[in-house]
Amino acid sequence: MDHHQYRHALAAHLQATELAFSDAEYDARQARVRAEMADRGLDALLVTDPADIYYLTGYNTFEVSVHTCLVFSADRLVLQVPSIETGPAVVTARVDELLGYRWEGIEEVLEPLAETLSGFSAIGWIPSAPPCATASSARCSSAWGPGTFGMAAASCWTASASSRAKRNWPVCERVRGSLHAGWLPPSRSSPRA
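In the working numbering, the protein residues as written are 278 to 470.
What follows is the structure in structure tokens.
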């Protein structure tokens, strides 16, 4: 059974069964980020930091050294994980679509991600890691075109039809702030929702 078949078999019975918070909590978190994205004119946000992905979706993993990416848009959440993480992603993540990839080839990361992003014209990314943590900036640039994303750790870029590389660091910092605004971890005595 390949990782795609495995994902569908698990999802039929275990989709999002191990979430740490209620659906209402995840809805509220996502609504804050979507509102900030709309205010800033972002169509999509690439989230690559494991803590931020967990905060938004519940996806919990021990594997933080490989590429994992959440494409966060107004109407969809698409999570890309290595195929070995298919099981944990199915049971712990609240997403609309799960994309798995084998570690053997970077094209399995870039092609599905590029296809997922193809309909968006303004894409932000939180600069904790490059949009393709496993790929060189040259490979990302060749997949999406030069200037689509900045790779410097202290900058964030959006792509748009009028300007392929527009500096947008304050946008990402404010969106990242929205991720954490008002969040407090549950007390140990409170039941898990």
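Here a beta-carbon is modelled for each residue, glycine too, at the ideal position from N, C-alpha and C.
By the three-class DSSP mapping on this structure, what secondary structure does residue i have?
i: Gly364; result: helix
i: Ala399; result: coil
i: Ala321; result: strand
i: Glu340; result: coil
i: Ser440; result: Annotation note: pLDDT 37 at Ser440 (below 50); position unreliable, no value reported.
Residues in the same chain with beta-carbon distance under 8 Å from residue i, minus the five sequence neighbours each way, listed in chain order, please.
i: Leu354; result: Gln307, Leu333, Thr334, Leu347, Val348, Arg371, Val372, Asp373 and Glu374
i: Ala351; result: Arg311, Met314, Ala315 and Asp320
i: Leu376; result: Val355, Leu356, Gln357, Val358, Pro389, Leu390 and Thr393
Going by DSSP, what residue range makes up the alpha helix (DSSP H) through residue i?
i: Leu390; result: Glu384 to Leu394
i: Leu333; result: Pro327 to Thr334
i: Val310; result: Asp300 to Arg317
Tell me where the beta strand (DSSP E) around residue i begins and ends.
i: Glu381; result: Element bounds for Glu381: n/a, residue is neither H nor E.
i: Phe349; result: Cys346 to Ser350
i: Leu296; result: Counting along the chain, Leu296 falls outside any beta strand (DSSP E), and DSSP gives it neither H nor E.
i: Val358; result: Leu354 to Pro359
Only counting the same chain, and skipping five residues up and downstream in sequence, which positions put a Cβ closer than 7 Å to that of residue i?
i: Tyr331; result: Asn337
i: Gln282; result: none
i: Leu394; result: Ala321, Val348 and Ile400
Taking the alpha-carbon positions, what's the residue i to residue j distance?
i: Ser299; j: Gly396; result: 30 Å
i: Glu384; j: Ala312; result: 33 Å
i: Val343; j: Asp279; result: 20 Å
i: Val310; j: Arg379; result: 30 Å
i: Val341; j: Ala297; result: 19 Å
i: Val386; j: Gly401; result: 18 Å
i: Pro327; j: Ala321; result: 18 Å
i: Ser360; j: Met314; result: 30 Å
i: Pro365; j: Arg317; result: 33 Å
i: Thr363; j: Glu381; result: 16 Å
i: Ala286; j: Val367; result: 10 Å
i: Glu392; j: Asp329; result: 23 Å
i: Ser398; j: Thr325; result: 19 Å
Residues in its own chain within less than 6 Å of residue i by CB, not counting five upstream and five downstream?
i: Thr369; result: Glu295, Gly335, Tyr336 and Asn337
i: Thr345; result: Val358
i: Asp304; result: none
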